[in-house]
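Listed in order, the protein sequences are those of chains A and B. Residue numbering for the first sequence follows the numbering used here, beginning at 1188 and increasing consecutively. Residue numbering for the second sequence follows the numbering used here, beginning at 1188 and increasing consecutively. Accompanying notes for the structure given below.
2 protein chains.
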Amino acid sequence: MIRKTRLFTPGPTPLLPAAQFAMAAADIHHRTPEFRALFKRVLEQLKVFVGTQNDVIVLSSSGTGAMEASVSNLTSPGDRVLVLSAGKFGERWVSLAKAFGCHVDTVSKAYGETFTTDEIKAELKPDTRAVYVQANETSTGTRHDIQAIGELLKSENSEALLVVDAITGLGTTHLDMDAWGVDVLIGGSQKAVMIPPGLSYLAVSERAWERMESTGNPRYYFDLRKERKNAKNGESAYTPAVALIAALGAALDWIAAQAATPEKPEGDLAEGRRKLVDNAELIAEMTRQAVQAMGFTLFSHAPGAAATAVNAPEGVDSGVICKGLKSRFGAIITNGQGEMQGKIFRIAHLGFFDYMDTIALVAALEQVLVKSLPQLGTTFGSGLIAAQQVFAEASR
Amino acid sequence: MIRKTRLFTPGPTPLLPAAQFAMAAADIHHRTPEFRALFKRVLEQLKVFVGTQNDVIVLSSSGTGAMEASVSNLTSPGDRVLVLSAGKFGERWVSLAKAFGCHVDTVSKAYGETFTTDEIKAELKPDTRAVYVQANETSTGTRHDIQAIGELLKSENSEALLVVDAITGLGTTHLDMDAWGVDVLIGGSQKAVMIPPGLSYLAVSERAWERMESTGNPRYYFDLRKERKNAKNGESAYTPAVALIAALGAALDWIAAQAATPEKPEGDLAEGRRKLVDNAELIAEMTRQAVQAMGFTLFSHAPGAAATAVNAPEGVDSGVICKGLKSRFGAIITNGQGEMQGKIFRIAHLGFFDYMDTIALVAALEQVLVKSLPQLGTTFGSGLIAAQQVFAEASR
């Protein structure tokens, strides 16, 4: 039977056709008025999409590049930083901070868990210069409470900058960086904005820009001050990924258009982002109810809407499920990473997914379970009906 | 919520990405060696796809153009022809034959029915010059028995040419034109070959080529002998739809690749076509079982695999279902045509559809019924489980 390849992965995510067309048509030079007009427009759109008054910087790199920039630009060797880690991407903050010579304190929790403010408060020192955390820990499908962390830092009068990797958080959870006191918020292109990998972006507070005046870590390609200066003229310091920037503009236009009204036919980007978050939330809830109705348990103690991590039952290798979905249906989900491999499987919801995608994946999962794991006793319809009911309730 | 637009229509059908890319890249002139090589290759592929030793002609027109060519090239004014009609496309044969001055006999059955050989035999006259029929009547979702009609004409020693509109039949039902004595078999681009509208093609028997030497109806753009002569050099008489021809080549490559084996990594087009038919058959059976489990009845007495026509229940306008699927889920199915409007709805299976598409449509249909037609008492899962069971049985 025909098997279409379909990504249900937390990045890359399914591409938006309008962005693909813009990318294919992006035959422009980057030192021209045409590019400058495009880039200025995209930078303004990103401010609205992020929901901030702060300047946004775009880097031609993966999200890890923006994470590195948030360390190399904001710290000096020997600086004390605090990393909140409960998964693979938390650990990446530790590695990055160590690579740049920081003294790294951590609040380290088991995979799938999140942090209490008391745990963070206990590790926050008077000389902590920055706190690094994920809005959503992609490896475990867990949402961390950024608002609570921001409030804690304020109430402690901490000078620590709050740096949030929101690479899978943007577009899947409500974030208000300006009100919550977030100093750096990081996004990536191959996530909820529905374009291929290759771009990252950072919104940077004035407090963080000031910090950069005095920090001593080396940086060149990821020198944010240089990028900020160039961005004012609609340029980037080095050759930018032009086609991806064109795609990003088209994707942000599309997100805005999702909130079009007869009075505002061009749409509204802030409202479009809220709808994108609502979409991910609803799909995540459909998925959570479906897998639980099929007898699975959720891995995360605080599940986010970017992806749902599901425990494989005792004695079952989650790879069997991933492999069955791919080989029989062309549907790509992800196994656990690192020590979680074989123990969980993860289904993504961020970006360009709809009701029909979600139902189809549940129906494929049921086929794989019935055929490959008959010992689980899965019955057709068990997950599907649960997902349908969630949708029906939400669309009353 | 996000709603992706998805076609479940019996033409145009969902586009094959590989064909879209070939179409976008088709920046070549049609009087060059590059085009001649492409066109010769596509014509050879089409012979294999149709499954014939006869020459195949490609026209830059919709399928109706090839239907007209099958009348204007094969008849003279006053010729007696027999049209087998049980739907909108059967009626089109009548209109075409009348437009070219033929004396038209018909076997006319109610929409949704098919013909017995006795009924055809009763209308077949010694001077019947051609018999026109559909392999699949798209307007009613009905398969006609072309093999039986071919055998009847042989057993009657009829001189009538057998002309078969297989526009939605090719790639959805087994056809063997050479063995069955079919003289003209017509296909279209926006059907099982998964590319946009704009091309039609005809396989033409030697008997039909001979007939053209003596027929007197006017034809110019659709002069098949002129096209045959040009095709030998890899050209078409008039400017061809180059991008669509490139897309068709890519689509036929893809169909062949569906039958790739380690020994034959490039695949096999004849076997690929069989798999395409099997795919449509399985999806049609999933759909038929799903809608019947939901309490609907089938409109056709002899349902084909190109599309399933479903009766709207007493007192229900089928337009409500079509409209609900489109407005709530972006899923486009078709209403009945002509007098069937409001009475049936049609779900297509021809071309680029898979298990996940099929399940997703059934799940969307269940949502529409539960919300918009609560009097039907549809329960979630009723159609889905039936469709899942058909698939599970087939993939044992």
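Note that the Cβ used here is the ideal one computed from N, Cα and C, for glycine as well. Predicted model only: the values in this text are computed from it and were never measured.
Query                                                                                                                                 : Result
Uninterrupted beta strand (DSSP E) stretches inside the stretch 1221-1247 of chain A (no shorter than 3 residues)                     : 1242-1246
Backbone CA spacing between A:Thr-1303 and A:Val-1371 [nearest angstrom]                                                              : 21 Å
Closer than 8 Å to chain A by CB, B:Gln-1575                                                                                          : yes
Contacts around B:Asp-1363, its chain only, beta-carbon distance under 7 Å, and the 5 residues preceding and following it disregarded : Gly-1238
Contact under 8 Å by Cβ, A:Gln-1476 with A:Ala-1317                                                                                   : no
Range of the contiguous beta strand (DSSP E) that encloses B:Leu-1271                                                                 : 1267-1272
A:Ala-1395 and A:Leu-1348 closer than 8 Å at C-beta                                                                                   : yes
Supposed close pair B:Ala-1284, B:Val-1291 - CB separation, criterion 8 Å                                                             : 5 Å
Test item: CB-CB of B:Ile-1373 and B:Ser-1387 under 8 Å                                                                               : yes
Beta carbon proximity, A:Leu-1202 to chain B, threshold 8 Å                                                                           : no
Per-residue burial, A:Lys-1341 [other beta carbons within 10 Å of its own, 16 or more giving buried]                                  : exposed
Buried versus exposed call for B:Lys-1451 [16 or more other C-beta atoms within 10 Å across all chains shown]                         : exposed
Local conformation of B:Glu-1310 per DSSP, three classes                                                                              : helix
For A:Gly-1436 and B:Met-1543, the rounded distance between their alpha carbons                                                       : 31 Å
Cβ-Cβ distance between B:Ile-1432 and B:Val-1245 below 8 Å                                                                            : yes
Local Cβ density within 10 Å of B:Gln-1528, reported as buried at 16 or more and exposed below that                                   : exposed
Given A:Ala-1185 as reference, the closest of A:Pro-1197, A:Arg-1223 and A:Phe-1195 once Cα atoms are compared                        : Here chain A comprises residues numbered 1188 to 1583, so residue 1185 of chain A is not present and cannot be evaluated.
Where B:Thr-1545 falls, given that 16 or more other Cβ within 10 Å makes a residue buried                                             : buried
8 Å Cβ cutoff met for B:Leu-1439 and B:Phe-1236                                                                                       : yes
Within-8 Å CB hit, B:Arg-1553 to chain A                                                                                              : The sequence given here places Glu at residue 1553 of chain B; Arg does not occur at that position. For B:Glu-1553, the answer is yes, since a Cβ of chain A falls inside 8 Å of its Cβ.
Cβ neighbours of A:Arg-1228 in the same chain (closer than 8 Å, five flanking residues each side left out)                            : Gly-1436
Contacting residues, own chain, Cβ-Cβ under 7 Å from B:Ala-1551 (five flanking each side not counted)                                 : Leu-1512, Phe-1516 and Ala-1518
Selection of the stretch 1357-1381 of chain A by Cβ proximity to chain B, strictly under 8 Å                                          : none
8 Å contact criterion, which A:Thr-1327 and A:Phe-1486 should meet: CB distance rounded                                               : 6 Å
Residue environment, A:Asn-1420, which counts as buried when at least 16 other CB atoms sit within 10 Å                               : exposed
Residue range of the unbroken alpha helix (DSSP H) whose run includes A:Tyr-1319                                                      : Not the alpha helix (DSSP H): A:Tyr-1319 falls in the beta strand (DSSP E), residues 1315-1321.
C-alpha gap between B:Leu-1469 and B:Ala-1581, whole angstroms                                                                        : 8 Å
CA-to-CA distance, A:Leu-1357 to A:Glu-1472, given in whole angstroms                                                                 : 18 Å
Chain B residues whose Cβ lies nearer than 8 Å to that of A:Val-1464                                                                  : Those do not exist, as A:Val-1464 stays about 12 Å from chain B at its closest Cβ, beyond 8 Å.
8 Å Cβ cutoff, B:Met-1210 in contact with chain A                                                                                     : no
Any chain B beta carbon closer than 8 Å to A:Phe-1236                                                                                 : no
Residue-level contact to chain B via CB, A:Gly-1568, 8 Å cutoff                                                                       : yes
Straight-line Cα distance separating B:Gly-1375 from B:Ser-1249                                                                       : 7 Å
is_contact[A:Ile-1572, chain B] using C-beta, thresh 8 Å                                                                              : yes
A:Val-1380 - DSSP class collapsed to helix/strand/coil                                                                                : coil
Nearest-angstrom beta carbon gap, B:Thr-1200 and B:Ala-1535 [assumed within contact, 8 Å]                                             : 6 Å
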